[in-house]
Amino acid sequence: MSLNLIKSRSSASSIPGPVVLVVMDGVGLGREDEGNAVHLARTPFLDRAISTSPLSRLMAHGTAVGLPSDADMGNSEVGHNALGAGRIFTQGATRVDSDIRSGTILHSPVWQWLMENDVVHFIGLLSDGNVHSHEEHLYALCRAAAALGKTVVVHPLLDGRDVSDHSALLYLERLEAVLAEIGGGAHIASGGGRMVVTMDRYEADWAIVERGWNAHVNGAARQFKTASEAVQTYREEQAGISDQNLPPFSISGATTIQDGHSVVLFNFRGDRALELTRAFEDDDFDGFSRGRRPNVRFAGMMQYDGDLHLPRRFLVEPPSIDRTLGEHLAHNGISQWACSETQKFGHVTYFWNGNRSGTFDPKLETYLEIPSDTLPFEERPWMKCAEITDAAIDAVRTGGFQHLRLNYANGDMVGHTGDLEATILAVEAVDLSLRRLAPVVLQAGGVLLITADHGNADEMIRRDKSGQLKRTDKGTMAWSTSHSLAEVPFIMWGGPKGVHLAPNGRLSNVAGTVLELLGYKSPSDYERSLLRYP
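For the sequence shown, the numbering used here begins at 64 and goes up steadily by one.
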């Protein structure tokens, strides 16, 4: 299908200035109660915008973003894919589920290549959060490898972020049961919490990957008899520590990664898998001092970066997302600007552009990354809101860009800490930034679109099956560090007079809306614009 855009016949929706889209990462429309940091925050700008401007509620999870079921929480990766693509593509979890159920994955040349070695290591996030991985995918691969007589070694990364905060022992118990079932010496070798071991992203902190490398490859982490003992010991030593922040551990006598072994990174999501992939595959590597680099056969569950061809071998084909909004705009000579801090920079660029690195046309596109702090997010809940807003205001005032997009990471990154008070401050920082940006956009004759990629900060306390807020056995609130199933707002601040928004939609409706405000018809296969006329 052609990339050429067609001018809209109607001028009712066109505006003279830029179309600016803000993604408030992790800010959903949840229940207005004591567990909702968005509701509890002082947000005068958002309150005014929601009550006086055109508003739509968008689905941002489950099948609405290409995930297997509506019980699956959305995430930043699939959310930005949907925002940028204007259509729904089957996402990683669904594709892996299908290939495992059909047996396709076990007949692939890459799987057969991996199985030529006698020892197979599996590294990845151990949970059923279905955002980066799913435990059932790991179990299926472990069973298949063991059936071929291979020694199975697992290096679980503990979640506490996409699932309940202190659930690691439950997942380890299930993994240990599977390993005992398949026998053949299958065992756990190393692991740790995802936010301090292995799963860094966007090169924010290579020390995280280095800790994982030392634990997985060299067994050079604190030694324990079992993974469960490691978790229990760390919890006793650091009261209240989250699963995601548990230090690295190694299991005494376990098999480390050696020459002639195979290694499978079983995460299907790419952002937190790329750096470990590079550590195994890059000849010219400077992330940290690897020391011994074993000669292994390495593969990912999926290819995490199609442009960089990382990893070189993978088990499941990723979705092929073409003709994104960014590509259409670049092809038609429309200037673009994208900005976020390090934690979400790849989302407004790589994921927005359909899992594609780099620009489509460097003469028309400017991408600006604001370096993130490396301190805990709850200690800096304002993150880089001010700096991103400063840059956006400058970009609008230059008049050189027709479409601008930016991401405020606060609601998601601080929300993941489970710290309610810090998350309230994070949401307030976003509101202040919007209050600064909005008048500049209107002065430029533009329109400000405000949305989110999924919920998080709106549900800081877990709920039971009846929907009531949960408490722990000690009577304290059961804090949530995961995403939520909430709808997200889509607000149009400014814009054409008399135009309102459809009351409901999906993230994939946003691209067509941006195009219509820019004065173009949406491609025929894009989801309909949210704009409605009198």
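A virtual CB, placed ideally from N, CA and C, is assigned to each residue, including glycine.
Worksheet item: If you draw a straight line from the C-alpha of R111 to the C-alpha of A455, how long is it?
Response: Translated into positions along the sequence shown, residue 111 becomes position 48. Translated into positions along the sequence shown, residue 455 becomes position 392. Computed Cα separation, rounded: 22 Å.
Worksheet item: Would F464 be called buried (16 or more neighbouring beta carbons within 10 Å of its own) or exposed?
Response: For this step, residue 464 is matched to residue 401 along the sequence shown. The residue is buried, with at least 16 neighbouring Cβ atoms inside 10 Å.
Worksheet item: So, using beta-carbon positions, are D494 and T115 closer together than 8 Å?
Response: Residue 494 sits at position 431 when you count from the first residue of the sequence shown. Residue 115 sits at position 52 when you count from the first residue of the sequence shown. Their beta carbons are not under 8 Å apart, which means D494 does not touch T115 by this criterion.
Discussion item. Taking the straight line between their C-alpha atoms, what separation do you get for F377 and R264?
Written reply: For the purposes of this step, residue 377 is identified with residue 314 of the sequence shown, where counting begins at 1. For the purposes of this step, residue 264 is identified with residue 201 of the sequence shown, where counting begins at 1. Their Cα atoms are separated by approximately 19 Å.
Worksheet item: Which residue from F108, I163, M178, F152 puts its Cα closest to that of A29?
Response: Lying before the first or after the last residue shown, residue 29 is absent from the chain, which here runs from 64 to 597.
Item to complete: Indicate the three-state DSSP secondary structure (helix, strand or coil) for P219 in the structure shown.
Response: For the purposes of this step, residue 219 is identified with residue 156 of the sequence shown, where counting begins at 1. Three-state result, P219: strand.
Discussion item. To the nearest angstrom, how far is the alpha carbon of T437 from that of L211?
Written reply: Walking along the sequence shown from the start, residue 437 turns up at place 374. Walking along the sequence shown from the start, residue 211 turns up at place 148. Answer to the nearest angstrom: the Cα atoms are 44 Å apart.
Practice prompt. Check whether the Cβ atoms of G509 and V459 lie closer than 8 Å to each other.
Written response: For this step, residue 509 is matched to residue 446 along the sequence shown. For this step, residue 459 is matched to residue 396 along the sequence shown. Yes, the pair counts as a contact, with Cβ atoms nearer than the cut-off.
Worksheet item: Applying the criterion that 16 or more other CB atoms from any shown protein chain within 10 Å of the CB defines a buried residue, is P597 buried or exposed?
Response: As a working note, residue 597 is residue 534 in the sequence shown. That one is exposed.
Item to complete: Specify the secondary structure class of D516 as computed by DSSP and reduced to three states.
Response: What you label residue 516 is simply residue 453 of the sequence shown in a count that begins at 1. Three-state DSSP puts D516 in coil, outside helix and strand.
Fill in: C-alpha distance - G166 paired with Y583, whole-angstrom precision
Here residue 166 refers to the residue found at position 103 of the sequence shown. Here residue 583 refers to the residue found at position 520 of the sequence shown. One C-alpha to the other measures close to 44 Å.
Item to complete: Less than 8 Å between the CB atoms is what I'm expecting for L373 and T340, so what's the real figure, rounded?
Response: Here residue 373 refers to the residue found at position 310 of the sequence shown. Here residue 340 refers to the residue found at position 277 of the sequence shown. Their Cβ separation, rounded to whole angstroms, is 5 Å, which keeps L373 and T340 in contact under 8 Å.
Discussion item. Going by C-alpha to C-alpha distance, which of S585, D191, L469 sits closest to H143?
Written reply: The sequence position of residue 143 within the sequence shown is 80, counting from 1. Considering only alpha carbons, the answer is L469.
Worksheet item: Just curious, the alpha helix (DSSP H) that V241 is in, first and last residue?
Response: On the sequence shown, position 178 is the one that residue 241 refers to. Start and end: 231-245.
Practice prompt. Could you tell me if F348 is buried or exposed, where buried requires 16 or more neighbouring beta carbons within 10 angstroms of its beta carbon?
Written response: The residue labelled residue 348 in the question sits at position 285 within the sequence shown. Exposed, since its Cβ has fewer than 16 Cβ neighbours within 10 Å.
Worksheet item: Under the three-state reduction of DSSP, which class applies to E522: helix, strand or coil?
Response: Locating residue 522 in the sequence shown gives position 459, counting from the first residue. The answer is coil: DSSP assigns E522 none of H, G, I, E or B.
Item to complete: Can you have a look at P425 and say buried or exposed, based on whether 16 or more other CB atoms are within 10 angstroms of its CB?
Response: Counting from one through the sequence shown, the residue named residue 425 turns up at place 362. The residue in question, P425, is exposed, as its Cβ has fewer than 16 Cβ neighbours within 10 Å.
Discussion item. Distance check for E484 and N416, CA to CA, integer angstroms please.
Written reply: Taking the sequence shown and counting its residues from 1, the one referred to as residue 416 is at position 353. Taking the sequence shown and counting its residues from 1, the one referred to as residue 484 is at position 421. Taking the straight line joining both Cα atoms gives about 34 Å.
Item to complete: Name the two residues that bound the continuous alpha helix (DSSP H) containing M64.
Response: Counting from one through the sequence shown, the residue named residue 64 turns up at place 1. According to the DSSP assignment, M64 belongs to no alpha helix (DSSP H), since it is labelled neither H nor E.
Item to complete: Below 7 Å CB to CB, which residues in the same chain sit around R237 once its five sequence neighbours on both sides are set aside?
Response: Residue 237 sits at position 174 when you count from the first residue of the sequence shown. So the list reads E198, once near-sequence residues are dropped.
Worksheet item: Over what stretch of residues does the alpha helix (DSSP H) that includes T405 continue unbroken?
Response: The sequence position of residue 405 within the sequence shown is 342, counting from 1. Residues 405-409.
Worksheet item: What first and last residue would you give for the beta strand (DSSP E) that runs through M87?
Response: Taking the sequence shown and counting its residues from 1, the one referred to as residue 87 is at position 24. Residues 82-87.
Discussion item. Check for me: the alpha helix (DSSP H) holding V159 runs from which residue to which?
Written reply: For this step, residue 159 is matched to residue 96 along the sequence shown. Counting along the chain, the alpha helix (DSSP H) containing V159 begins and ends at 155-165.
Worksheet item: In this structure, does DSSP put S119 in helix, strand or coil?
Response: Walking along the sequence shown from the start, residue 119 turns up at place 56. Of the three classes helix, strand and coil, the one that applies to S119 here is strand, per DSSP.
Worksheet item: Nearest to G354 by alpha carbon, out of A290, G389, N308, H279?
Response: As a first step, residue 354 must be located in the sequence shown, where it is residue number 291. Per the Cα distances, H279.
Discussion item. Let me make sure I understand the geometry here. Which of L232, R206, D268 has the alpha-carbon closest to that of L242?
Written reply: Mapped onto the sequence shown, residue 242 falls at position 179. Answer by Cα proximity: R206.
Discussion item. On a Cα-Cα basis, can you pick out the residue from S325, A393, G316, V272 that is closest to L337?
Written reply: Numbered from its first residue, the sequence shown carries residue 337 at position 274. Minimum Cα distance to L337 is reached at V272.
Worksheet entry | C-beta contact flag for R627 and E344 at 8 Å | This structure cannot settle anything about residue 627, because the visible part of the chain is limited to 64 through 597.
Worksheet entry | Bridge partner(s) assigned by DSSP for T429 | Residue 429 sits at position 366 when you count from the first residue of the sequence shown. Beta-bridge pairing links T429 to W400.
Worksheet entry | Run of the beta strand (DSSP E) containing I451, from where it starts to where it stops | Residue numbering aside, residue 451 sits at position 388 when the sequence shown is read from its first letter. Premise fails: I451 lies in the alpha helix (DSSP H), 448-461, not in any beta strand (DSSP E).
Worksheet entry | Own chain partners of G93 with C-beta closer than 8 Å, once the 5 adjacent residues on each side are dropped | The residue given as residue 93 occupies position 30 in the sequence shown. Only N99, V101, H102, G518, D521, E522, S547, A549 meet the Cβ criterion.
Worksheet entry | CB contact flag (L188, L220, <8 Å) | If you number the sequence shown from 1, residue 188 lands on position 125. If you number the sequence shown from 1, residue 220 lands on position 157. Yes, they are a contact pair.
Fill in: For T544 and G481, believed in contact at Cβ under 8 Å, the rounded distance
Start at 1 with the first residue of the sequence shown, and residue 481 comes out as number 418. Start at 1 with the first residue of the sequence shown, and residue 544 comes out as number 481. That belief holds up - the Cβ atoms of G481 and T544 are roughly 4 Å apart, short of 8 Å.
Worksheet item: On the three-state DSSP scale, how would you describe M178?
Response: Taking the sequence shown and counting its residues from 1, one reaches residue 178 at position 115. Coil at M178, not helix or strand.
Worksheet item: Rounded to a whole number of angstroms, what is the C-alpha to C-alpha distance between M364 and L204?
Response: Mapped onto the sequence shown, residue 364 falls at position 301. Mapped onto the sequence shown, residue 204 falls at position 141. Spanning the alpha carbons of M364 and L204 requires a straight line of approximately 10 Å.
Worksheet item: Counting pairs of Cβ atoms below 8 Å between the segment 556-568 and the segment 317-333, do you hit three or more?
Response: Taking one beta carbon from each stretch, the segment 556-568 and the segment 317-333 have fewer than 3 pairs nearer than 8 Å; the two do not touch.
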